[in-house]
Amino acid sequence: MEEMDSIESNQTWRLVPLPPGHRPIGLKWVYKVKKNAAGEVIKHKARLVAKGYVQQPGVDFDEVFAPVARIESVRLLLALAAQEGWPVHHMDVKSAFLNGELIEEVYVRQPPGFTVAGHEDKVLRLDKALYGLRQAPRAWNAKLDETLIWPQNFILVGLFAFDLVCVR
Numbered sequence: 379m380e381e382m383d384s385i386e387s388n389q390t391w392r393l394v395p396l397p398p399g400h401r402p403i404g405l406k407w408v409y410k411v412k413k414n415a416a417g418e419v420i421k422h423k424a425r426l427v428a429k430g431y432v433q434q435p436g437v438d439f440d441e442v443f444a445p446v447a448r449i450e451s452v453r454l455l456l457a458l459a460a461q462e463g464w465p466v467h468h469m470d471v472k473s474a475f476l477n478g479e480l481i482e483e484v485y486v487r488q489p490p491g492f493t494v495a496g497h498e499d500k501v502l503r504l505d506k507a508l509y510g511l512r513q514a515p516r517a518w519n520a521k522l523d524e525t526l527i528w529p530q531n532f533i534l535v536g537l538f539a540f541d542l543v544c545v546r
């Protein structure tokens, strides 16, 4: 399954015993059917998400804010780039939130259908964020900032949803 391959190749978690005083967050699968213009099914998608709605501020996370550009700002950025003749690059980061590194200790239950045989009592310690976690947008934004900030280079970035528009 593509989602589990992305999670595992990204080293998102480690199988561990649940430490005393911690409670694991549940996971669930969210399914989506992708259709073409004629309405025909072209792909079935599955995304593993954390049940972040059970997380408590100050216990499971501290900061959640992550800036996102308004569409008007993206348009302004593109107009400025066109006027000045600056090169523009567009990127779509696949499984973006899975790249954000967590600073908090977060434990989740093993995913439905993917429990490790003989280790059913263990949980997963997250090293990187999962969709659904309250702190996932902030973790992704911190990773993006770290990646895009180069010494002595000027770069304007418009982040809209999960698409990036970069002007350098």
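Position one of the sequence shown corresponds to residue 379 (the working numbering), numbered consecutively onward.
The C-beta atom is built at its ideal place from N, Cα and C for all residues, glycine as well.
C-alpha gap between residue i and residue j, whole angstroms
i: residue 515; j: residue 400; result: 23 Å
i: residue 499; j: residue 395; result: 7 Å
i: residue 411; j: residue 419; result: 7 Å
i: residue 428; j: residue 461; result: 43 Å
i: residue 456; j: residue 489; result: 41 Å
i: residue 397; j: residue 450; result: 47 Å
i: residue 479; j: residue 380; result: 21 Å
i: residue 527; j: residue 467; result: 16 Å
i: residue 511; j: residue 472; result: 17 Å
i: residue 485; j: residue 464; result: 45 Å
i: residue 519; j: residue 432; result: 22 Å
i: residue 482; j: residue 517; result: 10 Å
Those residues which DSSP pairs with residue i across a bridge
i: residue 517; result: Partner(s): none; residue 517 has no beta bridge.
i: residue 392; result: 503
i: residue 479; result: 506
i: residue 405; result: 428
Residue i - DSSP class collapsed to helix/strand/coil
i: residue 431; result: helix
i: residue 492; result: coil
i: residue 527; result: coil
i: residue 386; result: helix
i: residue 522; result: helix
is_contact[residue i, chain B] using C-beta, thresh 8 Å
i: residue 399; result: Among the protein chains of the structure shown there is no chain B, as only one such chain exists.
Task: Entirely enclosed beta strand (DSSP E) segments - the stretch 409–477, minimum 3 residues - done: 419–428, 466–470
Task: Segment contact, 8 Å Cβ cut-off, at least three pairs: the stretch 443–456 with the stretch 505–512 - done: Judged by Cβ distances under 8 Å, the stretch 443–456 makes no contact with the stretch 505–512, as fewer than three pairs qualify.
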